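Engineer: Handing you a structure now.
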Amino acid sequence: MKKVGLVILLVVGIVTAFMITFMSNGIVIEEEKSAFTGDTDVKTIQEDDIHKGNLVLINENHPVEKEGVKNDIQTFHPEDFKSVQLLDQEIQLSQSISQKFLDMVEDVQHDGVDSFTITSGYRGIEEQTLLFKELGEDYALPGGYSEHNSGLAMDVGSTEGLMANASEGKWIEDNAWKHGFILRYPENKTSITGIEYEPWHIRYVGLPHSALMYEHDFVLEEYLDYVKDKKELYASFEGKEYFITYYPFGENQQIELPVDHEYMITGDNMNGIIVTVTM
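Last residue of the sequence shown: 279 in this note's numbering, with the numbers rising by one and none dropped.
Laid out in structure tokens, this is it:
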């Protein structure tokens, strides 16, 4: 694959703009905000980076590229988890994503919700292909086109019964966003996702993106269009401030990133890069 550079120029200065603020869930969103100041460093983004990261779009039109598969996939057994049941004797999960899920479950237990199971995690392309043949296109995607092929998604259930009726399912729908997870295929968005309602399928996108998606009632397809349209967004949640910038991928562009702030770079699996700086 041809390697090309992208330059992300972080503007130093003050931007005066109209503000849109949401406060209903402790989330503050502004379409534009004074940019941060400070030292920057140059970083080159390769073309492969479009296809990896927490915000990559994976659906029937955008397959998982090899760069988009989590590099920490491990096989877990029931004895590996104390607070969650594994329905499969051997299940493959991203170590980092499963740990974030377990951290979320610990918070759930404070609300008296403690009957979670993990029914599926990472799937290889062959396994996904067999599942697609078994379930059909309304409930599964072909091999290579499923979020399970990336390691970013998990299917979770409840020992109480079906997730659509269990307290675990309700908690996921209302609260998973606080921990960076989204309900990927909600009931009212099937015309956009192309997948029937799946109250068990969660996907990790990370904060603040999960909070913004929850506040706007966006699925990932809608959120990526929103970020691409706005170009720059500011969000504040639970004492942390975030500056989000979208950049169309192009050749021969310089990249400047902050030296004194944490940042995350993710592709959208289409033609863009999204930089999230924690201020």
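Yeah, the Cβ is synthetic: ideal placement off N, Cα and C, and Gly gets one too.
Treat the numbers as computed from the prediction; the structure is a model and nothing was measured.
Can the beta-carbon of residue 199 be found less than 7 Å from the beta-carbon of residue 164?
Structural biologist: Contact flag set, yes.
Engineer: Let's see if you can read the secondary structure: which residues bound the alpha helix (DSSP H) around residue 211?
Structural biologist: 209 to 216 is the extent of the alpha helix (DSSP H) around residue 211.
Engineer: I'd like the list of long-range same chain contacts for residue 87, defined as Cβ closer than 8 Å, with 5 residues on each side in sequence excluded.
Structural biologist: Closer than 8 Å at the Cβ level, and outside the excluded window around residue 87, lie 117, 118, 119, 157.
Engineer: Helix, strand or coil for residue 157, going by three-state DSSP, please let me know.
Structural biologist: The answer is strand: DSSP assigns residue 157 an E or B state.
Engineer: Do the CB positions of residue 172 and residue 144 come within less than 7 Å of each other?
Structural biologist: Going by C-beta atoms, residue 172 is not nearer than 7 Å to residue 144.
Engineer: What span of residues does the beta strand (DSSP E) with residue 276 cover, start to end?
Structural biologist: It spans 272 to 278 - the beta strand (DSSP E) in which residue 276 sits, taken as one unbroken run.
Engineer: Apply the 10 Å Cβ neighbour rule to residue 259 and answer buried if 16 or more other Cβ atoms are within range, or exposed otherwise.
Structural biologist: Exposed, since its Cβ has fewer than 16 Cβ neighbours within 10 Å.
Engineer: According to DSSP, is residue 205 helix, strand or coil?
Structural biologist: Three-state result, residue 205: coil.
Engineer: Taking only the alpha-carbon atoms, compute the straight-line gap between residue 6 and residue 193 and give it to the nearest angstrom.
Structural biologist: Its pLDDT being 34, under 50, residue 6 is placed unreliably by the model, and the measurement read from it follows with that caveat. Using only the alpha carbons, I get a separation of about 30 Å.
Engineer: Let me know the alpha helix (DSSP H) ranges lying completely inside the segment 75 to 150, each 4 residues or longer, listed in chain order.
Structural biologist: Within the segment 75 to 150, the complete alpha helix (DSSP H) runs of at least 4 residues are 95 to 109, 125 to 135.
Engineer: Does residue 225 have its Cβ less than 7 Å from a Cβ in chain D?
Structural biologist: Any reference to chain D falls outside this structure, which holds one protein chain only.
Engineer: Quick check: residue 261 and residue 277, are their CB atoms within less than 7 Å of each other?
Structural biologist: Yes.
Engineer: Distance, Cα to Cα, residue 279 vs residue 132?
Structural biologist: Near 43 Å, if we compare the C-alpha coordinates of residue 132 and residue 279.
Engineer: Starting from residue 190, follow the alpha helix (DSSP H) in both directions and report where the run begins and ends.
Structural biologist: That run of the alpha helix (DSSP H) goes 190 to 193.
Engineer: Taking only three categories from DSSP, how would you classify residue 230?
Structural biologist: The answer is helix: DSSP assigns residue 230 an H, G or I state.
Engineer: Would you check if the distance between the CB atom of residue 151 and the CB atom of residue 210 is smaller than 7 Å?
Structural biologist: Not closer than 7 Å, so no.
Engineer: What three-state label does DSSP hand residue 168 in the structure shown?
Structural biologist: The answer is helix: DSSP assigns residue 168 an H, G or I state.
Engineer: Considering only C-alpha positions, which residue in the set 272, 189, 203 is nearest to residue 227?
Structural biologist: Ranking the options by Cα distance to residue 227, first place goes to 272.
Engineer: Nearest by alpha-carbon distance to residue 231: which of 246, 141, 148, 196 is it?
Structural biologist: Here the closest residue by C-alpha is 246.
Engineer: Leaving out the 5 sequence neighbours to the left and right, which residues in its chain are closer than 7 Å to residue 27 when beta-carbon positions are compared?
Structural biologist: The residues are 211, 215, 235, 237.
Engineer: For a test of the three-state rule: what should DSSP assign to residue 197, helix, strand or coil?
Structural biologist: Residue 197: coil per DSSP, three-state reduction.
Engineer: Might you give, ordered along the chain, the residues of its own chain that have their beta carbon closer than 6 Å to the beta carbon of residue 206, omitting 5 neighbours on each side?
Structural biologist: Answer for residue 206: 54, 180, listed in chain order.
Engineer: Where residue 78 and residue 85 are concerned, what is the direct C-alpha to C-alpha distance, given to the nearest angstrom?
Structural biologist: Roughly 6 Å between the two C-alpha positions.
Engineer: Assign residue 267 to one of three DSSP states: helix, strand, or coil.
Structural biologist: Residue 267: strand per DSSP, three-state reduction.
Engineer: Hey, could you find the ends of the beta strand (DSSP E) residue 44 is sitting in?
Structural biologist: Premise fails: residue 44 is in no beta strand (DSSP E) and is neither H nor E.
Engineer: Taking its Cβ as the centre, do 16 or more other Cβ atoms sit within 10 Å of residue 188, making it buried, or is it exposed?
Structural biologist: Answer is exposed; the Cβ neighbour count stays below 16.
Engineer: Measuring CA to CA, which of 129, 44, 62 is closest to residue 51?
Structural biologist: Considering only alpha carbons, the answer is 62.
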